[in-house]
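Asker: Take the sequence shown: its position 21, counting from 1, is numbered 32 in the working numbering, and each next residue is one higher. Beta carbons: idealized from backbone N, C-alpha and C, even for Gly. First the structure, which I've put down as structure tokens, then a few questions once you've had a look.
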Amino acid sequence: METGGFAGTCEAMGNVPLILESFVAFEREISVIAARGMDGSLAAYDPLENVHRDGILHSSTLPARIGSETAAAAQAAAAEILAALDYVGVIGIEFFVLADGALLAN
12 METGGFAGTC EAMGNVPLIL ESFVAFEREI SVIAARGMDG SLAAYDPLEN
62 VHRDGILHSS TLPARIGSET AAAAQAAAAE ILAALDYVGV IGIEFFVLAD
112 GALLAN
């Protein structure tokens, strides 16, 4: 089946807006579950470590195999994201942990 490359793929999908990601070499993926109340109060829980198989979440383990500084940075980033979005409710935010300990929200 001839798809016509990238343009053909976009056309087959109805030319809807896309978000394209480049490959990221990461050591592990973690998630922070956080909740923010209407009054701005926040709870961000310890990060879980995620394992995917064939692109599908297979397991999440607590505690994640990360240092305390990385865990605190992930929780702080989650809090900043919720505040910036004026988000109210519970959310899970995934992060890639890079070799140098830097975090990328996924």
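Comparing C-alpha positions only, which one of F37, E38, A18, V35 sits nearest to L29?
Answerer: Closest in C-alpha terms to L29, from the list F37, E38, A18, V35, comes A18.
Asker: According to DSSP, is G100 part of a helix, a strand, or is it coil?
Answerer: strand
Asker: Over the uninterrupted alpha helix (DSSP H) stretch that includes A88, give me the two end residues.
Answerer: 79-95
Asker: If you count every other CB in all the chains shown that lies within 10 Å of the CB of A89, and 16 or more means buried, which is it?
Answerer: buried
Asker: Quick one: Cα of I77 to Cα of G103, how far?
Answerer: 18 Å
Asker: Under a Cβ-count criterion, where at least 16 other Cβ atoms within 10 Å of its own Cβ denotes burial, should M24 be classed as buried or exposed?
Answerer: exposed
Asker: Along the beta strand (DSSP E) that carries E60, what are the first and last residues, could you check?
Answerer: 59-64
Asker: Just the C-alpha distance for P74 and A95, rounded to the nearest angstrom, thanks.
Answerer: Distance from the CA of P74 to the CA of A95, rounded to the nearest whole angstrom, comes to 27 Å.
Asker: Taking Cβ to Cβ, would you say A82 is nearer than 8 Å to D57?
Answerer: Yes.
Asker: E60: which of S70, F34, M49 sits nearest, CA to CA?
Answerer: S70
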